[in-house]
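Participant: Here the protein sequences come in this chain order: A and B.
When we follow the UniProt record's numbering, the leftmost residue of the first sequence carries the number 1, and every step to the right adds one.
When we follow the UniProt record's numbering, the leftmost residue of the second sequence carries the number 1, and every step to the right adds one.
Got a structure for you, questions after.
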Amino acid sequence: MPPVPPSTGFQAIVLCGPGVSLNTFTSSGNIPKCLLPVANRPMIFYMLDWLRRSGIHDVTLITPPSALASIRAALQQNPYLTALPTPTVIAAGNSEMGTAELLRQPEVQSQIKTDFLLLPCDLVCEIPGESLLEAWMVSRSTIREVRNARGSSTTNGDAGGRGATAPLEQDEAPAVSHQVDGPLALRYGLSKLVMSAPMSTIREQIEADKGSFLVRHSLMEANARVKLLTTFRDAHLYVFPYWVKDLLAKEERFDSISEDLVGYWAKAGWQKGLGEKLGIDKILHQESSKLDSSKLDESASLDGESLEDEIDLQDMSTTKAGPGTNSQSTEVPPILAYVQKSAAPYVRRVDSSAVLLSTSLRLAKLESIEDVGRQHSPFAHNQKVANPDGVAQRCTVTASDCLLDQNVTVEQFAVIKETVIGANAHISSGARLTRCVVMDGAVIGPRSTLTGCIIGRNARVGRECQLAHCEVQDGLLVEDETEAKNEKFMAFEGLDQDGEGENWKDGGSEDNEDDNF
Amino acid sequence: MGAKQKGGGAKPKSNATEEVEETLQAVVLADTFEARFEPFTLDKPRCLLPLANTPIIEYTLEFLANAGVEDVFSLCRSPLRPVGEIYQQLTFLKSNSTSVGDVMRDLDGKHLITGDFIVVSGDVISNLPIEAALTKHRSRRAADKNAIMTMVLREAGRNHRTKSSSVSPVFVIDPTKDRCLHYEEIDHHSAERPARLNIDAEIILTHPELDIRQDLIDCSIDICTPDVLSLWSDSFDYQSPRKHYLFGVLKDYELNGKTIHTHIIKEDYAARVRNLKAYDAITKDIISRWTYPLCPDTNLLPGHTFDLRKGSLYQEKGVTLARSCVVGRRTVIGKGTSIGDRTTVHNTVLGRNCKIGKNVKLDGAYVWDNVVIGENADIRGAIIADDVVLGKNCTVEAGALLSFGVRIADNVKVESGKRITKSRRDGGVAPSDPEVVGAEGLGHEYIQGADDEDEDEDDISVASSGLVYRLPDLSLSSASISTLSSEISEGSWAGSGRSSFSEGEDEGQDSFHNDASASLYDSLRDGVSADVVQLELVSLRMTANASDVQVRRAIVASFMKHIQQLMDGGKGASNAVHEVFSRYREVIDRTLFDRNKDEKKDQVDLLLQLQQDLVHRTKGDTILLFIAKELYELELVDEEAYEQWWDSEASSSTEEMRTVRSQAQQFVDWLANAEEESSEEEDSDDE
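Written out as structure tokens, the structure is:
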């Protein structure tokens, strides 16, 4: 492939869903998902900060109309967000739309002006964006990132095609195969994606095929070596070339980006005729005719670049690797994927309360900027305990793994370990908090013992409660002396309020919402 | 025709560190039960064919020696004497093996294997150190004794020149455990091949990471535990080590709990001399020293004195080169060979004691020992076996194969893809065909599968040319494999095996006929009721998947035998016939399906079979008459059927047939009259 001048100035489209999977905290309608605190910062902060550090300034947030006002307000008021360049916020779609459909909306289409990154609002990504963009520019192909899931391999049972699930598609899964030229592949660890499907689809497929998983021979012919990964998850970090906009606009059958667009595109790389059927070739042709002739001759694949980032959480994704051949990709540009196998750097989508908890606690362990300076991690806070005066003398707070925001008050005899506490929260005397997230303004009653809990904003936990692995909705009151395990404390009317709780498939949420988590 | 050699080919080079537990044994499958090297293999087993002037098996033995193997068992089925002469330390065991599976089961029965052993195909050329694989295998086995086998595979691109182009093996491997979970072969030439690999759901769902790989060269080097042999014994129908054994064992993991592992090497050389294309490719690799130290100048055989000269030229001592001859690059020349004036030699392997005349052009040729090539000959890309004599001004085109002792007269052109041999498959010497080898020549064109009952000879002749290296359509070798395998009666294993299928059917037919007629006869004699006879017949038919024709044939044979017996016991023909047929009317009725058709095929067939059977029986003519009558009365056979039968050629083809049906003439005449009458009646009715 001839060297192509890299397109300058990416733009980023961030999809801010309503957060169905975190419905304990989002269903009241007050806080959209992207504003939920992760380690005391709104979730969207991590994405916006990542974009800022990657040098992408043209950022558009797409949000359902219902959340528009609160997001705009937060962008102007939240101390963390005001420090960042303000993105454009537009409302588009409705709660029933899949991600691909959302991008077909005229208001979104009109926003896309160049090669773009498509991102979820809930990604916490430690991989420097520059390196991904650099890989994209060099390889001029699609990149998708997959990261290994640790542990649980729950299948994602959700019916909506969410981008986050990057599990296998009938025979294929995000496949990773070595890029055409070796050094490149080695340098960036990129693989070619030949198949991607949610595990649920795969299971259905297997069911339909009477208990066996069929792999087309044409796949094997095109890629002699295919790696099938079933525990990886799509991070939903994509870098798409501009023509994807047209493809999305044209192909009405696509519902979800991760499942339909990526899945079919990956397949089109080796399945004969699929590229034509999807109209990829036509779009590429139009595209290339617009470009300089010098560019288009050799390969259409120069336009075909997208960078995707996949995280694997509980879902399983399959990945296959095979040495990609150049000849194959002249028609349909390959999707390249970056598969991250090690636990570090950290790439996670915060789309379930378990991840919210673990991510918060993980971030809480970062050394503060005050102690070690800024270079250690971009996500470090200034101080571990923002208001030391609020912490009473005779209580235990393990500073190394706790994070206490402004104006937190802790009464004496409280024991706080591995816990994140939001601004204005109050911990009464004798309370014991272990591995908990306490959001802004919550109050923990005296002598209550909380382990692995998430306490919503302004919630109150009464005295002498014993809660383990519970979630408490914001503003809710937990009675005194409650004992509970693995429960969600939610107000029933929360579901009825403007019906938001039922909109599982909101347009913006293409993230992985694991209801079953 | 199978035989097996057992050898204590102890190699002195054993590596002391390897033998901590027990001696390492090896089984060399010198016979692959394929015939891709015909016609050469008619005269010499494949493992003894020279590859860069060294018999193929030497490379394999060297490989084993390097691996520290102390005990080599080798098996070879094609004529064994040459192997015995050369490897005198080997002793021979006769056996009737017709497949690798048989050999393994045989080996299991003989209890020769005591510990871990290496199974290697007799045509492996490899310089890979097997220690790493062995160590891994042993540690795996120590941890879990169900890890019974480790396959050594070589990573390569999708298309590698030593790979077979017709069938690609696909391995599904769990890279975290190096465990092979599934094996399948993609047959590129089978018409009805499924378009997808079929992987068990269980495998997908329980393994987070899987590699599906088609880029591995399977060089048939397996490290096995004795359990492998017992699994072979447990499954008597496994024939090929991969397609059946590996596939089957992996499939039955739930049952046997055995795991098979892989050891994938990325460096080193490993390839099998699978076919002539691979022969060509591997020779080139050896000459270009990819296989180092397995190169001609290593002089594997005692007495070899090759040394390497500039431009990959390997030359033994005692070569006579004319002053004006040109010896180009990548050439091997054996001792005692002389090359005449103005002769050019490029990319060619010349054996020992060859006489190359003047002004000869050799390019890409493989010339074995004691070959004489006359003046002005032009040979490109051909294999010329030992003792061939090529006259003056001959041209041998690319892909031609001249087998042992062939003599080509002057001025003959051997066309591309021709295979010429002196021998026949049965070991005899066929008359020469002057059209092919010229007036004074010796040899005839060898057509693969010519002796078979196989019909698709056209395919074969195409295949024979296709098999030859350097032609673009090499892939056709698979077709030739199938025909050849059928010829060896190996079964349908090696390829599409249409012919072998039909052969199997024949066998099935015979055994069904014998079983069915014997059992029917017994039943008739014991007077078993018609229902029971019918039931028995159906079950037999199902088991053997027999056709209706076969069923009728069995019925006819047993019925006639029984009738004959009754008549011998003193019964009249009419009584005997009546007794048998009326009683077992139903049995016959169930074999006739043309009651409502115009053309009474089944009924005619029945009558013909009866007629044929009765030819050889005493009073056959009388019996036939009564049977005809009886069948008519029982409404088993319609009038039209009699007519068609009578008119059919088969029923009057021979004198005997005519004699036996002579008595039935009256019945048929009567029938015809009756019919006329009845039709007249009908006509009158109409009126």
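Backbone N, C-alpha and C define an ideal beta-carbon position, used for all residues, glycine too.
What is the DSSP secondary structure of residue 245/B, reduced to helix, strand or coil?
Facilitator: For the purposes of this step, residue 245/B is identified with residue 245 of the second sequence, where counting begins at 1. Looking at residue 245/B - three-state DSSP - the assignment turns out to be helix.
Participant: How far does the beta strand (DSSP E) with residue 435/A in it reach, from first residue to last?
Facilitator: The residue you call residue 435/A lines up with position 435 of the first sequence. Here residue 435/A belongs to no beta strand (DSSP E), and DSSP marks it neither H nor E.
Participant: Evaluate the contact criterion for the segment 171–186 of chain B versus the segment 246–261 of chain B: three or more CB pairs, one atom per stretch, below 8 Å.
Facilitator: At 8 Å Cβ cutoff, the stretches touch.
Participant: Would residue 409/A and residue 426/A be called neighbours here (beta carbons separated by less than 8 Å)?
Facilitator: As a position in the first sequence, residue 409/A is number 409, starting the count at 1. As a position in the first sequence, residue 426/A is number 426, starting the count at 1. Closer than 8 Å, so yes.
Participant: Determine the direct distance from the alpha carbon of residue 540/B to that of residue 607/B, and round the result to whole angstroms.
Facilitator: Mapped onto the second sequence, residue 607/B falls at position 607. Mapped onto the second sequence, residue 540/B falls at position 540. Each residue's Cα considered, the two are about 23 Å apart.
Participant: Identify the contact partners of residue 198/B in chain A, using a Cβ-Cβ distance below 7 Å as the criterion.
Facilitator: Translated into the one-based positions of the second sequence, residue 198/B becomes position 198. The contacting residues are 212, 214.
Participant: Determine, using beta carbons only, whether residue 274/A comes closer than 8 Å to chain B.
Facilitator: Looking up residue 274/A in the first sequence gives position 274. So no, residue 274/A is outside the interface.
Participant: Report yes or no: is there a C-beta of chain A within less than 8 Å of the C-beta of residue 195/B?
Facilitator: By one-based count along the second sequence, residue 195/B stands at place 195. Residue 195/B counts as touching chain A.
Participant: Return the chain-ordered list of same chain residues with a C-beta closer than 7 Å to the C-beta of residue 668/B, the five sequence neighbours on each side being excluded.
Facilitator: Residue 668/B sits at position 668 when you count from the first residue of the second sequence. Here the set comprises 642, 646.
Participant: By the criterion of Cβ-Cβ separation under 7 Å, what are the contact partners of residue 231/A in chain B?
Facilitator: Along the first sequence, read from residue 1 onward, the residue named residue 231/A stands at position 231. Result: 208.
Participant: Taking the alpha-carbon of residue 176/B as reference, which of 100/B, 206/B, 155/B, 673/B has the nearest alpha-carbon?
Facilitator: Position 176 of the second sequence holds residue 176/B. Per the Cα distances, 206/B.
Participant: Curious, which full-length alpha helix (DSSP H) runs of at least 4 residues does the segment 615–673 of chain B contain?
Facilitator: If we require 4 residues or more, the alpha helix (DSSP H) runs fully inside the segment 615–673 of chain B come out as 620–633, 639–647, 655–662.
Participant: Taking contact to mean 3 or more Cβ pairs, one atom from each stretch, closer than 8 Å, check whether the segment 615–626 of chain B and the segment 586–602 of chain B are in contact.
Facilitator: No, the segment 615–626 of chain B does not touch the segment 586–602 of chain B.
Participant: Would residue 220/A pass as an interface residue toward chain B - the criterion being a Cβ-Cβ separation below 8 Å?
Facilitator: Working through the first sequence from its first residue, we reach residue 220/A at position 220. Closer than 8 Å to some Cβ of chain B, the Cβ of residue 220/A qualifies, so yes.
Participant: Since residue 217/A is in the alpha helix (DSSP H), which residue starts that stretch and which ends it?
Facilitator: Taking the first residue of the first sequence as position 1, residue 217/A is located at position 217. From DSSP, the alpha helix (DSSP H) with residue 217/A extends over 217–222.
Participant: Between residue 353/B and residue 369/B, is the Cβ-Cβ spacing less than 8 Å?
Facilitator: On the second sequence, position 353 is the one that residue 353/B refers to. On the second sequence, position 369 is the one that residue 369/B refers to. Contact: yes.
Participant: Are three or more beta carbon pairs between the segment 110–119 of chain B and the segment 34–52 of chain B nearer than 8 Å?
Facilitator: Contact between the segment 110–119 of chain B and the segment 34–52 of chain B is absent, because fewer than three Cβ pairs lie under 8 Å.
Participant: How would you list, in chain order, the residues of chain C whose beta-carbon sits under 9 Å from the beta-carbon of residue 225/A?
Facilitator: The structure shown contains no chain C; its protein chains are A and B.
Participant: With 8 Å set as the bound, which would you pick, yes or no: does the beta-carbon of residue 193/A sit closer than that to a beta-carbon of chain B?
Facilitator: The sequence position of residue 193/A within the first sequence is 193, counting from 1. Residue 193/A does not count as touching chain B.
Participant: By Cβ distance below 6 Å, which residues in the same chain neighbour residue 546/B in space, the five residues on each side in sequence not counted?
Facilitator: To locate residue 546/B, count along the second sequence from 1; it is residue 546. Excluding sequence neighbours, residue 546/B sits near 512.
Participant: So that I know if they touch, is there some Cβ in chain B lying closer than 8 Å to that of residue 217/A?
Facilitator: Walking along the first sequence from the start, residue 217/A turns up at place 217. Yes, because at least one Cβ of chain B sits closer than 8 Å to the Cβ of residue 217/A.
Participant: Using 8 Å as the threshold, is the C-beta distance between residue 203/B and residue 215/A below it?
Facilitator: The count along the second sequence starts at 1 and reaches residue 203/B at position 203. The count along the first sequence starts at 1 and reaches residue 215/A at position 215. Not in contact: residue 203/B and residue 215/A (Cβ atoms no closer than 8 Å).
Participant: Helix, strand or coil: how does DSSP classify residue 202/A here?
Facilitator: By one-based count along the first sequence, residue 202/A stands at place 202. If DSSP states are grouped into helix, strand and coil, residue 202/A belongs with the helices.
Participant: Please confirm whether residue 450/A has its beta-carbon closer than 8 Å to some beta-carbon of chain B.
Facilitator: Mapped onto the first sequence, residue 450/A falls at position 450. Answer no: the Cβ-Cβ gap between residue 450/A and chain B never drops below 8 Å.
Participant: Judging by CA-CA distance, which residue of 103/A, 71/A, 77/A is the nearest neighbour of residue 12/A?
Facilitator: Translated into positions along the first sequence, residue 12/A becomes position 12. Answer by Cα proximity: 103/A.
Participant: Helix or strand or just coil, what does DSSP make of residue 42/A?
Facilitator: Translated into the one-based positions of the first sequence, residue 42/A becomes position 42. DSSP places residue 42/A in strand when its eight states are reduced to three.
Participant: Find the nearest neighbour of residue 554/B within the set 596/B, 597/B, 612/B, judged by alpha-carbon distance.
Facilitator: On the second sequence, residue 554/B is found 554 positions in, with the first residue counted as 1. Selected option, being the one with the closest Cα: 612/B.
Participant: Tell me which residue opens and which closes the alpha helix (DSSP H) that residue 552/B is part of.
Facilitator: On the second sequence, residue 552/B is found 552 positions in, with the first residue counted as 1. Per DSSP, residue 552/B belongs to the alpha helix (DSSP H) from 548–568.
Participant: Quick one: is residue 152/B near chain A, going by C-beta distance under 8 Å?
Facilitator: In the second sequence, residue 152/B corresponds to position 152, counting from 1. It does not: the Cβ of residue 152/B has no partner Cβ on chain A nearer than 8 Å.
Participant: Would you call the segment 260–271 of chain A and the segment 214–233 of chain A touching, i.e. three or more CB-CB distances under 8 Å?
Facilitator: In short, these stretches touch, since the Cβ pair count reaches three.
Participant: Confirm, please, whether the CB-CB distance from residue 35/A to residue 44/A is below 8 Å.
Facilitator: The residue given as residue 44/A occupies position 44 in the first sequence. The residue given as residue 35/A occupies position 35 in the first sequence. Their beta carbons are under 8 Å apart, which means residue 44/A touches residue 35/A by this criterion.
Participant: Which one of 366/A, 250/A, 256/A has the shortest CA to CA distance from residue 197/A?
Facilitator: The residue labelled residue 197/A in the question sits at position 197 within the first sequence. Minimum Cα distance to residue 197/A is reached at 256/A.
Participant: Which of the three DSSP states is assigned to residue 47/B in this structure?
Facilitator: Taking the second sequence and counting its residues from 1, the one referred to as residue 47/B is at position 47. If DSSP states are grouped into helix, strand and coil, residue 47/B belongs with the helices.
Participant: Quick check on residue 602/B: buried or exposed, where buried means 16 or more other Cβ atoms within 10 Å of its Cβ?
Facilitator: Within the second sequence, numbered from 1, the residue matching residue 602/B stands at position 602. Classification for residue 602/B: buried.
Participant: Just list the beta strand (DSSP E) runs in the segment 245–286 of chain B, keeping only unbroken ones of 3 residues or longer that don't cross its boundaries, in chain order.
Facilitator: Segments of the beta strand (DSSP E) lying fully in the segment 245–286 of chain B: 259–265, 270–272.
Participant: Which runs of the alpha helix (DSSP H) spanning at least 4 residues fall entirely within the segment 223–293 of chain A, listed in chain order?
Facilitator: DSSP runs (the alpha helix (DSSP H)) wholly in the segment 223–293 of chain A: 243–250, 262–268, 274–278, 280–290.
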